[in-house]
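Student: The structure is given below, and queries will be raised subsequently.
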Amino acid sequence: MRPRVILILVACVAVAVSAPWIGGALEGESGEFILQSLRIPRVIMACLVGATLSLVGACYQTILANPLAAPSTVGTTAGATLGALVAVLAGSALGGMPGGMPIVAVFAFVAALGVSLFVAALAGSGRARVNDVLLAGVAISLAAGAVSAGLQFSADELQLYAAIQWSLGHLPQVGYRGVLMIAPFVAITGGVLLSQTRALQSLAAGEERAHSQGVNVARVRSLVLGVGALGVAACVAWCGPIAFVGLIVPHIVRLSVGSSRRILLPMSAVMGAAFLVACDTAARNVLPGRELPVGVLTAGIGAPLLVWLVARRK
Amino acid sequence: MAAELSFNRVGVEISGKRLLQDVSLRVSEGEFVALLGPNGAGKTTLFRAALGLLRASGEVLLNGRPARQVGGRERAGILAWLPQQALVTEALSVLDLVAGARFRFSESRRNAESAARDALRQAGAEVFADRIVSTLSGGEQQRVAVAALLAQEAPLLLLDEPANHLDPAHQVSLYRLFGELWRAGRGVLCISHDVNLLSHVGDAAAVRVVGLAQGQVRFETSYTDADLPGKLGEIFGIHFESVQAGSRRVLLPGAGV
Chain L
0 MRPRVILILV ACVAVAVSAP WIGGALEGES GEFILQSLRI PRVIMACLVG
50 ATLSLVGACY QTILANPLAA PSTVGTTAGA TLGALVAVLA GSALGGMPGG
100 MPIVAVFAFV AALGVSLFVA ALAGSGRARV NDVLLAGVAI SLAAGAVSAG
150 LQFSADELQL YAAIQWSLGH LPQVGYRGVL MIAPFVAITG GVLLSQTRAL
200 QSLAAGEERA HSQGVNVARV RSLVLGVGAL GVAACVAWCG PIAFVGLIVP
250 HIVRLSVGSS RRILLPMSAV MGAAFLVACD TAARNVLPGR ELPVGVLTAG
300 IGAPLLVWLV ARRK
Chain D
0 MAAELSFNRV GVEISGKRLL QDVSLRVSEG EFVALLGPNG AGKTTLFRAA
50 LGLLRASGEV LLNGRPARQV GGRERAGILA WLPQQALVTE ALSVLDLVAG
100 ARFRFSESRR NAESAARDAL RQAGAEVFAD RIVSTLSGGE QQRVAVAALL
150 AQEAPLLLLD EPANHLDPAH QVSLYRLFGE LWRAGRGVLC ISHDVNLLSH
200 VGDAAAVRVV GLAQGQVRFE TSYTDADLPG KLGEIFGIHF ESVQAGSRRV
250 LLPGAGV
C-alpha cells in the first residue's frame, strides 16, 4: 500500500478516535455520561453518515460520469426533505409511529427511497442514457422542491422552524438508538457498493468500453443508484441533509490518492467519515454555548479545501 | 467450436435514417477481414450492432446464437473492441485501465495486473504502466488501448481504425502485431482508411476485403485481387493507382473520377 494512503488512513483514524475528547472538560459522573452517551455515539453516527454519503457520492460520480453527481443529484435529498416536511405538518395528527420511530425520520426515509428508486428504475431500463438519468434526477429534485415550497407556504411558524432546523443537518443525539437504526442500511450499502468495485473501475474508462468488456452497465447503474439511495435515505432521514460531503470528499480523495476505484471507493468512505467527524467536532466547539448546524461547516470547510487542492494540482 | 461473428441481412435505422441495409458478413477465428468504405458508410455502426450497443434488424449471431441472448461476460469472452474514441480523460493509471479490461475474468487483482503487464508488453507500452492515461500523447494512448484489447483475451477482435494517432513506425508495428495475432488463431475484423497498411499483416492473399458504402456491402474480395483498386475507386469516388514497390503492391489514391 502506498505511503500516502497509509498516512491518510492513520490521520483519519486519529481524528475519529480523538474527537470525543475534544470540547468541554469531562469530569466526574456527568463527564462520563457526556462521553459515553453523547459524544461517542455522536462520533460513531458521524462516521457512518460521512462514510455513506462520501462512498455513494464516489459511486454516483462514476456511474453518471459526472463530477458534479452526488446523492442529491438523483433526488434523494429533495425526496427526504419533502417527506420530512409532510411529517412535520402531519405530525400532531399522526401521533407516534410503531416502534417509537420518529415520524420525521420514517417519512423522510420513505420519500427519499421512493424518489431515488424511481430514478434507479429509469436507469435500469437499458434504453436510458446517462444524461437522461441525470436529467430525471434533477427534474424530480426540482418537482419535490416545488411541492416542499408549497407545503411550507401552508405551515405555521413552529412547523416551519422545525422543518428548517431539520433541513440544516444535525447529529446530536442521546445513546445509540440512531446508530443502531441506520447501521444495517449503511452496512448493506457499503457492502454492495464495494462489491461493485471492478465493474465501477471498468466503467471509469467509459460506458461503451465497459459494456464491451462485459459489464452490464444498466444493471450496475440501477443497483448502485438503488442501494446507494437506501443508505443515503437512512442517513438523511435521521440526520437531515448534510450538504456537500457526498460531492466534495470523493474529489478530495481523488486529488490525494488518484482515481483507481480500488483505492478511491474505500478511501472515500474513510475520509468521508473523518471529514464529518472533524466538521461535527468543530460545529459543537466553534461557538461558545451553542452549536452550529454541521451542514454549514461541511460546506464551509470542504469547498475551500477542494478549491485549494484543485489550484495546487500540477 | 471456433468463435464466429456473423451478420445476416442486418439493418440499422436511427431517427428515420437508414445506416445499414441488408448487410451479411461473417468472420471466424483465424480469419482477417478488412472493412473499407468512405466516412458514413456504416462501418462503426456495424461494430456497434455486433456489441449490442444499438438495435439492429436481421440477425447478429455470436457463435451461432443471437447476440442479444449472449450475456455481457460471455460476449466479452468472444469479442474485444478497439473503439475509435480517445481514452478516458480521468486520472486513471495505465495499469488500472488495462487490468480493468479483464472484467470478464473472476481472478485476483495480482493476476489481473500481471496479465495487464503482459498485454502492455505485447503492445509495446509497458513503459507507461505507472503513468496516468491522460498524460500520454494520442499515439501512446492508442497503444495502451491496444493493450486493453489484448488483455481481454477474446478470440475475435473488432478494430476500428486502430492506426489512428500513430506515427508511421508505430502504424506498421501495430499491423504486424495484428498479423501475429491473426496467425496465432485470432479472428480480426478491421476498419481501416489506409488500405496499404493491410500489407503488413502478412499473407495478403488470405486477407478478405469487404467494401461498404451507404450502409450496404458493395464487394467482398481478396486483398490481392487485381481489380481491388477499381472496386475501391467505385466506393470512394476517387481513382486508385496501383504501384509495385518491391514485393508489395501500393494503392495510391489519385485524381477524382
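Heads up: the protein sequence lines correspond to chains L and D, in order. Using numbering that gives the first Met the number 0, the letters of the first sequence correspond one by one to residues 0 to 313. Using numbering that gives the first Met the number 0, the letters of the second sequence correspond one by one to residues 0 to 256. Just so it is clear, CB atoms sit at the ideal spot from N, CA and C, and this is done for glycine as well.
If you measure from the beta carbon of Glu315(L) to each beta carbon in chain D, is any gap under 7 Å?
Tutor: Because chain L here runs from 0 to 313, residue 315(L) falls outside it and cannot be looked at.
Student: From which residue to which residue does the beta strand (DSSP E) around Val11(D) run?
Tutor: Here residue 11(D) refers to the residue found at position 12 of the second sequence. Residues Glu3 to Ile13.
Student: Name the chain D residues that come within less than 8 Å of His210(L), Cβ to Cβ?
Tutor: The residue labelled residue 210(L) in the question sits at position 211 within the first sequence. Those within 8 Å of His210(L) in chain D are Leu50, Gly51, Leu52 and Gly71.
Student: Use the C-beta contact count for Lys16(D): other C-beta atoms within 10 angstroms, 16 or more gives buried, fewer gives exposed.
Tutor: Here the question's residue 16(D) lines up with position 17 in the second sequence. Its Cβ having fewer than 16 others within 10 Å, Lys16(D) is exposed.
Student: Let's see if you can read the secondary structure: which residues bound the alpha helix (DSSP H) around Gln215(D)?
Tutor: As a first step, residue 215(D) must be located in the second sequence, where it is residue number 216. It is not in any alpha helix (DSSP H) - Gln215(D) instead sits in the beta strand (DSSP E) that spans Gln215 to Ser221.
Student: So within the stretch 71-128 of chain D, which uninterrupted beta strand (DSSP E) runs reach at least 3 residues, ignoring any that extend past its ends?
Tutor: Whole beta strand (DSSP E) segments, 3+ residues: 78-81.
Student: Would you report the Cα separation of Ile102(L) and Phe243(L), rounded to the nearest angstrom?
Tutor: Translated into the one-based positions of the first sequence, residue 102(L) becomes position 103. Translated into the one-based positions of the first sequence, residue 243(L) becomes position 244. Distance between the alpha carbons of Ile102(L) and Phe243(L): 26 Å.
Student: Hey, out of Ala120(L), Val226(L), Ala268(L) and Leu291(L), whose CA is closest to Gly278(L)'s CA?
Tutor: Stepping through the first sequence from its first residue, residue 278(L) is reached at position 279. One point to set straight first is that residue 278(L) is Cys, not Gly, in the sequence displayed. The option with the nearest alpha carbon to Cys278(L) is Leu291(L).
Student: For a cutoff of 7 Å on Cβ pairs, would you count Ser258(L) as touching chain D?
Tutor: Walking along the first sequence from the start, residue 258(L) turns up at place 259. Yes, contact with chain D.
Student: For Arg289(L), I'd like the list of residues in its chain whose CB is within less than 7 Å of its CB, leaving aside the five on either flank, ordered along the chain.
Tutor: In the first sequence, residue 289(L) corresponds to position 290, counting from 1. So no residue of the chain qualifies.
Student: Could you please give me the residues that DSSP links to Gly210(D) through a beta bridge?
Tutor: The count along the second sequence starts at 1 and reaches residue 210(D) at position 211. DSSP lists Leu35(D) and Phe218(D) as partners of Gly210(D).
Student: Cutting at 7 Å between CB atoms, please list the residues of its own chain near Leu81(L), excluding the five before and the five after it.
Tutor: Counting from 1 along the first sequence, the entry for residue 81(L) is found at position 82. Ala110, Ala143, Val146 and Ser147.
Student: If we cut at 7 Å on Cβ distances, does Ala100(D) have a partner in chain A?
Tutor: Of the chains in the structure shown, none is chain A; the protein chains are L and D.
Student: Let's see if you can read the secondary structure: which residues bound the beta strand (DSSP E) around Gln20(D)?
Tutor: Counting from 1 along the second sequence, the entry for residue 20(D) is found at position 21. Gln20(D) -> beta strand (DSSP E) spans Lys16 to Ser27.
Student: Pop quiz: Gly239(L) and Trp165(L) are said to be a contact at Cβ under 8 Å. What is the actual Cβ separation, rounded to whole angstroms?
Tutor: As a working note, residue 239(L) is residue 240 in the first sequence. As a working note, residue 165(L) is residue 166 in the first sequence. Sure, about 5 Å apart at Cβ, within 8 Å.
Student: So which of Leu19(D), Ser241(D), Leu53(D) and Glu30(D) has the shortest CA-CA distance to Cys189(D)?
Tutor: In the second sequence, counting from the first residue as 1, residue 189(D) sits at position 190. Nearest C-alpha to Cys189(D): Glu30(D).
Student: Taking just the CA atoms, how far does Ser221(D) sit from Ser205(D)?
Tutor: Stepping through the second sequence from its first residue, residue 205(D) is reached at position 206. Stepping through the second sequence from its first residue, residue 221(D) is reached at position 222. At residue 205(D) the sequence reads Ala, which differs from the Ser that was named. Spanning the two alpha carbons is a distance of roughly 7 Å.
Student: Would you decide whether Met0(D) is buried or exposed? Buried here means 16 or more other CB atoms lie within 10 Å of its CB.
Tutor: Counting from one through the second sequence, the residue named residue 0(D) turns up at place 1. Exposed: under 16 other Cβ atoms inside 10 Å.
Student: At what residues does the beta strand (DSSP E) containing Glu58(D) begin and finish?
Tutor: Locating residue 58(D) in the second sequence gives position 59, counting from the first residue. That run of the beta strand (DSSP E) goes Ser56 to Leu61.
Student: Skipping 5 residues on each side, what residues in its chain have a beta carbon closer than 8 Å to that of Ile187(L)?
Tutor: Counting from 1 along the first sequence, the entry for residue 187(L) is found at position 188. Same-chain partners within the cutoff: Val226, Leu229 and Gly230.
Student: Compute the Euclidean distance between the alpha carbons of Gly189(L) and Thr51(L), then round it to the nearest angstrom.
Tutor: As a working mapping, residue 189(L) is identified with position 190 in the first sequence. As a working mapping, residue 51(L) is identified with position 52 in the first sequence. Those two C-alpha atoms are separated by around 7 Å.
Student: Which residue from Glu219(D), Gly36(D) and Leu227(D) puts its Cα closest to that of Phe239(D)?
Tutor: As a working note, residue 239(D) is residue 240 in the second sequence. Comparing Cα-Cα distances from Phe239(D) to each of Glu219(D), Gly36(D) and Leu227(D), the minimum goes to Leu227(D).
Student: Output yes if chain L places a C-beta closer than 7 Å to the C-beta of Arg142(D); else output no.
Tutor: Indexing the second sequence from 1 puts residue 142(D) at position 143. By this cut-off, Arg142(D) is not an interface position.
Student: Indicate whether at least one CB of chain L lies closer than 7 Å to the CB of Arg103(D).
Tutor: Within the second sequence, residue 103(D) is the residue found at index 104, counting from 1. True, the Cβ-Cβ gap to chain L drops below 7 Å.
Student: Do you know offhand how far Val132(L)'s Cα is from Ala120(L)'s?
Tutor: Numbered from 1 along the first sequence, position 133 holds the residue referred to as residue 132(L). Numbered from 1 along the first sequence, position 121 holds the residue referred to as residue 120(L). C-alpha separation (whole angstroms): 10 Å.
Student: Let me confirm a value: Gly255(D) is counted as buried when at least 16 other C-beta atoms fall within 10 Å, else exposed. Which label applies?
Tutor: Counting from 1 along the second sequence, the entry for residue 255(D) is found at position 256. In this prediction, Gly255(D) scores a pLDDT of 49, lower than 50, which makes its location untrustworthy; the coordinate-derived value is nonetheless stated afterwards. Exposed.
Student: What would DSSP say about Arg260(L), mapped onto helix, strand or coil?
Tutor: Taking the first sequence and counting its residues from 1, the one referred to as residue 260(L) is at position 261. Of the three classes helix, strand and coil, the one that applies to Arg260(L) here is helix, per DSSP.
Student: Can you tell me which of the three DSSP states Phe274(L) falls into?
Tutor: In the first sequence, the residue the question calls residue 274(L) occupies position 275. Phe274(L) falls in the helix class under three-state DSSP.
Student: Give a yes or no on whether 7 Å exceeds the smallest Cβ distance from Glu3(D) to chain L.
Tutor: The sequence position of residue 3(D) within the second sequence is 4, counting from 1. No - not a single Cβ of chain L is within 7 Å of the one on Glu3(D).
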